[in-house]
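Novice:
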Amino acid sequence: MNYVNSYNEIILLKQGELVLKGLNRGRFEARLIANIKRRLRQIGEFDTRSAQSTIYVEPVGEQDMDAAYSALSKVFGVAAMSRAAVCEKNIDEIIKAAKEYLKDELSSASSFKVESRRADKSFSMTSPELSAEAGGALLEAFPHLRVDVRSPEALVFIEVRESAAYVHMASKPGAGGLPVGTGGRAAVLLSGGIDSPVAAHMIAKRGIELIAVHFFSYPYTSERAREKVVTLRELLSAYCGRMPLFVVPFTRIQEQIRASCDEDYFTLIMRRFMMRISEKIARENGCSALVTGESLAQVASQTLDALHVTGSACMVPVLRPVIGMDKEEIVTLARRIGTFETSILPYEDCCTVFTPKHPKTKPRLENVLRIESALDIEVLENEAVLSAELLKG
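In this text, residue positions in the sequence shown follow numbering that gives the first Met the number 0: the first is 0, and each later residue adds one.
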């Protein structure tokens, strides 16, 4: 969308679920504004304020509004957003702004409609009067247009608020959800695959602040596999905010499992180690839950019985946001959030190491406990936790 920038320009962010939070709304709104300011800090200087369920983001001097708009489109807690021209609360100035600021949009459209909102009740015209006056002026200025109140190609919005009037096209959907950091903290088991980044995105959208745990089995997995996960963490940070990444050396544990356990149980026992190690890291970092990318029955280790066996290894809740999604649905979301192309790079993670030919799909917990008792579990896990490398976000 091309805008004529002879007018002062502002980004309007509309809040969604936050308005329903009652007495807690102030806390949610303060966190949202803090997240917005943090995202904009690397772009430039902006004045951010809130009024009437709208957050106003105004550039201080010349700033890259395209970059700011793109960054804010990934901030959870924003329901809708638009770029708008700021003008005086005067009908002539409002019409002038609409003609000039929205010129490209109106010139390329065949039909339009004007919608007005008069939040400032001291303004002399009612909302219907304002829409009619502005609509008539735009018809005169753009004679090729026709009015279509049902399904217009171009929807012009006029908002008259306390401090100024704002003119913009129809708002675009924001990232939705709740501000990251309002729902607690969790640790996501981040592999190099498609599913776990999508799970991280989905749970962060509910306000959860995340740390990431990745299990690395050098030399069975390459350094490029590790770099792939670092890249996924960076891509997710556009939505999830800063996400510390703990890289856990996992080779010794997998070799011990191979040497001491029934092959059919390799993956299940490996997953149980992952859950327990992740729980320890989670507790040390103020997290109260784990997040995984498990999808029911997608692979042998994700049958209902297998999930029970692996989930029982830890005491904290295990959140599985994609549990009921099929692969196509997960891939669609991965493409939308920009992680898919990185996830499919041919650098395999540790889950592909020592994969059994005939994995158990209906394991019994008592059998798994008996088989893994051959291992010095506590020593192996403590070594892994102490050797974990922290990569700060």
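Glycine is no exception: its CB is placed at the ideal position from the N, C-alpha and C atoms.
All values reported here derive from a predicted model rather than from experimental measurement.
Tell me which residues share the same chain as LEU364 and place their Cβ nearer than 8 Å to its Cβ, disregarding the 5 neighbours each side in the sequence.
Specialist: Cβ within range, chain order: HIS307, VAL308, SER311.
Novice: Closer than 7 Å by C-beta to ASP46: which residues in its own chain qualify, once you throw out the five before and the five after it? Chain order, please.
Specialist: Answer for ASP46: GLU57, VAL59, listed in chain order.
Novice: So, with DSSP's three-state summary, where would you put GLN14?
Specialist: DSSP places GLN14 in strand when its eight states are reduced to three.
Novice: Using CA atoms only, rank isn't needed, just tell me which of GLY173, ALA133, PHE156, SER107 is closest to LEU144.
Specialist: The residue with the shortest Cα to Cα distance from LEU144 is SER107.
Novice: When the Cα atoms are used, what is the spatial distance from ARG40 to ALA186?
Specialist: Looking at the two C-alpha atoms, the distance is approximately 26 Å.
Novice: Might you give, ordered along the chain, the residues of its own chain that have their beta carbon closer than 6 Å to the beta carbon of LYS20, omitting 5 neighbours on each side?
Specialist: Excluding residues within five positions, the ones whose Cβ falls inside 6 Å are PHE27.
Novice: Suppose the cutoff is 6 Å on Cβ atoms and the five residues either side in sequence are ignored; what does the same chain contact list for SER395 look like?
Specialist: The displayed coordinates of the chain run from 0 to 392. Any statement about residue 395 would go beyond what the structure contains.
Novice: Sorted by chain position, which residues of the same chain lie with C-beta nearer than 6 Å to GLN62's C-beta, five sequence neighbours on each side aside?
Specialist: Around GLN62: GLY43.
Novice: What number of angstroms, rounded off, separates the C-alpha of PRO358 from the C-alpha of ASN366?
Specialist: Spanning the two alpha carbons is a distance of roughly 14 Å.
Novice: Would ILE157 and ALA131 be called neighbours here (beta carbons separated by less than 8 Å)?
Specialist: Cβ atoms of ILE157 and ALA131: not closer than 8 Å.
Novice: Are the beta-carbon atoms belonging to ALA83 and VAL148 less than 8 Å from one another?
Specialist: The answer is no: Cβ separation not under 8 Å.
Novice: So, helix, strand or coil for VAL187, using DSSP?
Specialist: Strand at VAL187.
Novice: Bridge partners of THR47, per DSSP?
Specialist: DSSP, once it has assigned bridges, lists VAL56 as partnering THR47.
Novice: Could you give the first and the last residue of the continuous alpha helix (DSSP H) run that contains PHE265?
Specialist: Counting along the chain, the alpha helix (DSSP H) containing PHE265 begins and ends at 265-283.
Novice: Write down the C-beta distance between VAL247 and LEU289 rounded to the nearest angstrom, noting that I regard them as a contact closer than 8 Å.
Specialist: With 8 Å as the limit, VAL247 and LEU289 do not qualify as a contact, their Cβ atoms being about 14 Å apart.
Novice: Tell me PHE111's beta-bridge partners as DSSP assigns them.
Specialist: VAL146, ALA153.
Novice: Quick check: what's the CA-CA separation for LEU189 versus SER195?
Specialist: Those two C-alpha atoms are separated by around 5 Å.
Novice: If distances are taken between C-alpha atoms only, which option among VAL146, ILE336, MET242 comes closest to HIS213?
Specialist: Closest by alpha carbon: MET242.
Novice: Helix, strand or coil: which one does DSSP assign to ASN1?
Specialist: With a pLDDT of only 47 at ASN1, under 50, the local geometry of the prediction cannot be trusted, and the value read off the model is given with reservation. DSSP places ASN1 in coil when its eight states are reduced to three.
Novice: Taking the CB atoms as reference points, tell me whether LEU11 and MET80 lie closer together than 8 Å.
Specialist: Yes, these two residues count as a Cβ contact at 8 Å.
Novice: If the criterion is Cβ atoms closer than 8 Å, does the pair ILE32 and SER49 meet it?
Specialist: A contact, by the Cβ cut-off of 8 Å.
Novice: Could you tell me the distance, in whole angstroms, from the CA atom of VAL155 to the CA atom of THR291?
Specialist: Cα to Cα, the separation comes out at about 43 Å.
Novice: To the nearest angstrom, how far is the alpha carbon of ARG225 from that of LEU234?
Specialist: So the alpha carbons of these two residues sit roughly 15 Å apart.
Novice: Assuming SER115 contacts GLU152 under a Cβ cut-off of 8 Å, what Cβ separation, rounded to an integer in Å, is found between them?
Specialist: Actually they are not in contact, since the Cβ atoms of SER115 and GLU152 sit about 19 Å apart, beyond 8 Å.
Novice: What do you get for GLY323, buried or exposed, if any count of 16 or more other CB atoms within 10 angstroms of its CB means buried?
Specialist: It is exposed - the Cβ of GLY323 has fewer than 16 other Cβ atoms within 10 Å.
Novice: Say whether chain D places a C-beta atom closer than 8 Å to the C-beta of GLU377.
Specialist: The chain inventory of the structure shown lacks chain D, comprising one protein chain alone.
Novice: With a 10 Å radius around its C-beta and 16 neighbouring C-beta atoms as the bar for buried, classify ARG117 as buried or exposed.
Specialist: Buried, since its Cβ has 16 or more Cβ neighbours within 10 Å.
Novice: Pull up the CB-CB distance for GLY173 and SER72, whole angstroms please, since I reckon it's below 8 Å.
Specialist: Going by Cβ atoms, the distance from GLY173 to SER72 rounds to 6 Å, so yes, they are a contact pair.
Novice: Could you spell out where the beta strand (DSSP E) holding ILE210 opens and where it closes?
Specialist: Here the beta strand (DSSP E) through ILE210 covers 208-215.
Novice: If distances are taken between C-alpha atoms only, which option among ILE54, ASN23, VAL18 comes closest to ILE35?
Specialist: Ranking the options by Cα distance to ILE35, first place goes to ILE54.
Novice: At what residues does the beta strand (DSSP E) containing MET64 begin and finish?
Specialist: MET64 -> not in any beta strand (DSSP E); alpha helix (DSSP H) instead, spanning 64-71.
Novice: Around the Cβ of THR125, are there at least 16 other Cβ atoms within 10 angstroms (buried) or fewer (exposed)?
Specialist: Classification of THR125: exposed, given that the 10 Å Cβ count is below 16.
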